[in-house]
Amino acid sequence: MQQYLDLYNGYRDLIDRNSAPVLNAQRAQAAETLKQTGLDKPMKDFTPTDPSSMLSTDYAINLARHEVPVTRSNLFTCSVPDLSTQVWYLVNEQLLPRPDDDRLPEGVYAGSLRDFALQHPDLAERYYNKLASQDVPQCHPGVSALNTMFCQDGFVLYVPDGMQIEKPFQLISLLRSVEDFMAAQRILIILGDGAKANVLVCDHDNELRLHEGDALPTLLSLQVAEIYVGKNAQFDYYCLEEHHDNAQRLSQIYVSQCEGSNAAIGQFSLTAGTTRNHVHISLDGEHIDTQLFGMVIADRKQKVDNLTFIDHRHPNCTSNELFKYVLDEEAQGSFLGRILVREGAIGTDAHQTDRNLCLTPQAHMLARPELEIYADDVKCSHGATVGQLDTAALFYMRTRGIQEEEARMLLMFAFMSDVIEKIRILPLQDRLRHLVEKRFRGELGTAASCQNCG
Amino acid sequence: MSLLEIHNLHASIGGKEILRGIDLTINPGEIHAVMGPNGAGKSTLSAILTGNPAYTVTEGSILYKGKDLLAMPPEQRSWEGIFLSFQYPVEIPGVSMVNFMRTAVNEHRKYNNQPALSATEFLRLMREKRSVVQLDNKLANRSVNEGFSGGEKKRNEIFQMAMLEPTLSILDETDSGLDVDALRIVSDGVNRLKSAERASIVITHYQKLLEYIEPQFVHIVYKGRIVENGGPELANRIFAEGFDWVKEKAE
Ligand SMILES: Nc1ncnc2c1ncn2[C@@H]1O[C@H](COP(=O)(O)OP(=O)(O)OP(=O)(O)O)[C@@H](O)[C@H]1O
Ligand SMILES: [Mg+2]
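From first to last, the protein sequence lines are chains A and B. Note that our numbering has the first sequence beginning at 48, numbered continuously upward. Note that our numbering has the second sequence beginning at 969, numbered continuously upward.
This is the structure:
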């Protein structure tokens, strides 16, 4: 941790110079928070991943904002057929400029956080680092503080009141470096009252070496997203991770939903190295609907943790949470899902399901669902299971001539199907079905880029 | 050459010996009924024939079309023409009947060096065979056996048999739980497959099915052995007198 404080103190001017006043104004407090909280995880947290060890590598950080030698045209396209998206590229922490001919509707802002903070300082000030600076359950204040200290730019989507945008925004994040590298990635999403938007974030990395035979560098995506969903607004946010074994992802998503709003948050770890996802959703009004779901497919020595918190603060809200893991070989995973139903949050309808398959005795899953209820007249349920593939079903399929490998594939695919069906963009469902099938067939995460998606 | 030759078969599960020396020979064109009291080992025999990995063969041999059956994995036995209609068909949530059957049929075709069926060809085949056993289209669009009634599951087994056209079919109590009409439909499905090259093993506790299917040979299994062999008259004696005389004779 000390190396980050030293770096910050030593380069404060350089960091500020390349950013915007609204962002700079948050740094000192963030540094103070990091100093106080550190990066260790809580004592009784037995998850396989640990922020302090993920951050112990001596990462390079691109404070001088040297341009990465890539342009839009020589980047791959992360194509989702039948799903036309408005694409932005985030290479490490830098958002690539977009051609001007892609016009957005009047009043909508999508693009650079730095530019947004310079052009609309009042708006930026109102929303930037308000959620992420809170110390809330299942999120790590030190991790967000670290991001805030070094964040110079990022991606913003601002949709004013009443504006409904059907075409999804796609942010393709790509880690590229020949040395150990950390990218402080920042996402800010603001939906006005009655607005509608969808965002798809695709996380990738390139395996690059300076010289043939060099060891691969460790690349860390330190991702913080703050999401405000206005009254009666509808928002979908899907994160699709396809990282190599050497990549690390430390993500914190903070969501604040206003009265009558409706949000779907999906986290899909198709391939990962070491990943720790935190999600905190605060239901800040009545009649809110929240759908939180995710899947993890991991093998080799991959580690993926999901820590989630849904805070029912007001009456008559609904939340549904569904997470599923398939762990093969020596993969490790954990799901720590907490739901809090506060006093007075009557009429709450909150359900949580966590199902996991461990395909080998070496694969390990930690499932800890927690439901705390302090209100009467609520409908709540939670359940977690860890099991193996159904051997009776496997045998049955084999007696019909379906080869064992194929039978396993069909069962694993069937296992994930209800998570895929939670996606509210149909072409994206199809895409994910295709990707999940490829993943189970071992055809994903072997090539160097998102060409896999094609 | 016989289709199936079982010699001195011993098998166990969880360290407990269930089959204790089974001998049985089946020739092409024959239908064999296997009867015996509950727990005698009839389903165990069908599990061994299809290669259920939960069981261990401790002694003996099985030749199928002259080849060592025990050396083949379950899927290969299927490609070679062995089919089991399960006493308790398995539910597979999330795997659609269509996907399941198409995968099965095309794996069979691949084994026989035939090209995969196109989607339309497959659906046509499915429709044709579905009508044979009068399996509701609604069921064909659901997940495998999920939420099927007991009788529907059995009908679905015969539908799958009709799709795969096996050389040796084993029906493990396919008749139990069927209403009279369903029993007739299931028997028709079996009789349609009758030919000089094919053979069937029919495990049953009831007379009705044997009236429709008419086996030439009847075997009584008791405590893991075949203790009586005969023709249709043996089945009739069991229906009239029960198994007590068999047990007394065997002890
Ligand atoms: N997993 C197991 N562990 C121990 N014993 C078992 C196991 N599975 C089956 N058995 C025993 O094997 C014996 C034979 O069972 P099997 O199912 O072959 O009988 P069956 O002849 O088919 O009977 P039924 O007419 O009731 O279907 C029974 O005594 C049964 O309890
Ligand atoms: Mg039985």
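No residue lacks a Cβ here, since even glycine has one placed at the ideal position from N, Cα and C. Here the structure is a predicted model, which is why all the values come from computation and not from measurement.
In the DSSP annotation of this structure, the continuous segment of the beta strand (DSSP E) that includes Gln217/A starts and ends at Phe216 to Leu222. Within the stretch 455-466 of chain A, those residues whose Cβ lies closer than 9 Å to any Cβ of chain B are, in chain order, Leu457, Leu458, Phe460, Ala461, Phe462, Met463, Ser464 and Asp465. Tyr55/A is outside the set of residues whose beta carbon lies under 7 Å from a beta carbon in chain B.
The criterion of a C-beta distance shorter than 7 Å is not satisfied by Leu1017/B and Pro996/B.
For Ala440/A, the chain B residues whose Cβ falls inside 7 Å of its Cβ are Val1058 and Ile1060, in order along the chain. At a Cβ-Cβ threshold of 7 Å, Gly394/A and Pro416/A do not count as neighbours. The continuous stretches of beta strand (DSSP E) do not include Tyr55/A, which lies in the alpha helix (DSSP H) extending over residues Gln49 to Arg64. For the stretch 1027-1061 of chain B, the full-length beta strand (DSSP E) segments reaching 3 residues or more read 1050-1053 along the chain. For a Cβ distance threshold of 7 Å, nothing in chain B lies close to Thr318/A: the least Cβ distance comes to about 22 Å.
Taking C-beta atoms as the reference points, Ala1108/B and Arg1098/B count as a pair closer than 7 Å.
By the Cβ neighbour-count rule, Tyr443/A is buried, with 16 or more other Cβ atoms within 10 Å of its own.
Counted as a single uninterrupted DSSP element, the beta strand (DSSP E) harbouring Leu267/A occupies residues Leu266 to Val276.
For Ala979/B, there are no neighbours in chain A by C-beta distance under 7 Å, as the nearest C-beta there is about 15 Å away. Ranking Val466/A, Glu368/A, Val138/A and Arg161/A by CA distance to the CA of Leu418/A puts Glu368/A first.
Using a C-beta cut-off of 8 Å, the stretch 52-63 of chain A makes contact with the stretch 72-81 of chain A, since at least three inter-stretch Cβ pairs fall below that distance. Asn65/A is positioned such that its CB atom lies closer than 7 Å to that of Gln199/A. Val1189/B is positioned such that its CB atom lies closer than 7 Å to that of Gly1009/B. Assignment of Ala1008/B by DSSP, reduced to helix, strand and coil, places it in the coil class.
Cβ-Cβ separation between Val246/A and Pro207/A: approximately 16 Å, too far for a contact (criterion under 8 Å). Note that the C-beta distance between Glu1027/B and His975/B is not below 7 Å. Pro144/A counts as exposed, since fewer than 16 other beta carbons sit within 10 angstroms of its beta carbon. Against chain B, the CB of Arg402/A has no partner CB under 7 Å away; the residue lies outside that interface. The beta carbon of Ser1011/B sits closer than 6 Å to at least one heavy atom of ligand 2. Residue burial annotation: Leu86/A is buried, with at least 16 other C-beta atoms found within 10 angstroms of its C-beta.
If you look at Met229/A, you'll find it in the beta strand (DSSP E) that goes Phe228 to Leu238.
Taking C-beta atoms under 8 Å as the contact rule, Thr318/A and Gln295/A fail to qualify, at a distance of about 13 Å.
A straight-line Cα-Cα distance of about 12 Å links Tyr175/A and Leu204/A. Cβ proximity to chain B below 9 Å picks out nothing from the stretch 301-318 of chain A.
If only complete runs of 3 or more residues are kept, the stretch 128-202 of chain A shows the beta strand (DSSP E) at 133-138 and 156-159, in order along the chain. Taking C-beta atoms as the reference points, Phe197/A and Ala231/A count as a pair closer than 7 Å. Excluding five sequence positions before and after Phe1207/B, the CB atoms of its chain that fall closer than 7 Å to its own CB belong to Gln1175, given in chain order. The beta carbon of Ser1046/B falls within 7 Å of a beta carbon belonging to chain A, placing the residue at that interface. Just so you know, the alpha carbons of His359/A and Leu1151/B end up roughly 56 Å apart. With a minimum length of 3 residues, there is no unbroken run of beta strand (DSSP E) contained wholly in the stretch 432-477 of chain A. Shown here for His334/A: same chain residues with a beta carbon closer than 7 Å to its own, the five before and five after excluded, namely Glu306, Gly307, Asn363 and Cys364 in chain order. Counting only residues of its own chain and dropping the five nearest sequence neighbours on each side, Ser1029/B has a CB closer than 6 Å to the CB of His975.
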